[in-house]
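Take a look at the structure below.
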Amino acid sequence: MTRILTMTAALLLALATQASAQCYADYKAKQDNPLRLQYGLIELPDSACGSIAAATRYATPVVAGSGWTLLQIESILTRTQFEARRANAGAIHLRR
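Sequential numbering of the sequence shown, starting at 39, is according to our numbering.
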């Protein structure tokens with residue numbers, strides 16, 4: 039019985055850790071007429087954290103929903119990297 043409880047607790051801890059894993063991407067986008075450029079950060083779902091291509095597929099419609107055209111994903115960031123980037127970037131845009 040103790041072993042079952044231990045295994046259950048370990049499984050729940052693993053799931054909680056996995057659910058809290060977050061990644062972000064920083065991106066460049068543009069608007070035309072007049073030309074405006076934007077640097078921003080976007081929170082990604084787990085399914086988009088594996089590659090720049092996956093992040094691009096996720097971010098393109100999100101950014102377009104605000105009237106911007108995604109130019110490129112610069113990099114995929116961990117929570118720690120995101121916090122450092124956000125602190126150093128000044129006024130940036132965070133999309134979810």
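No residue lacks a Cβ here, since even glycine has one placed at the ideal position from N, Cα and C.
Please list the terminal residues of the continuous alpha helix (DSSP H) segment that includes Phe102. In the sequence on display, residue 102 carries Ala and not Phe. Here the alpha helix (DSSP H) through Ala102 covers Ile90 to Ala102.
Going by other Cβ atoms of all chains shown within 10 Å of its Cβ, with 16 needed for buried, is Leu135 buried or exposed? Look at the range of the chain in this structure, 39 to 134, and you will see that residue 135 is not part of it.
Taking the straight line between their C-alpha atoms, what separation do you get for Ser58 and Asp64? Summary for Ser58: the model assigns pLDDT 48, below 50, so the residue's position carries little reliability; its value from the coordinates is reported in the next sentence. Roughly 20 angstroms between the two C-alpha positions.
Run through DSSP, which three-state label would Asp64 get? strand
For Glu121, which residues of its own chain have a beta-carbon under 8 angstroms away from its beta-carbon, when the five flanking residues on both sides are left out? none
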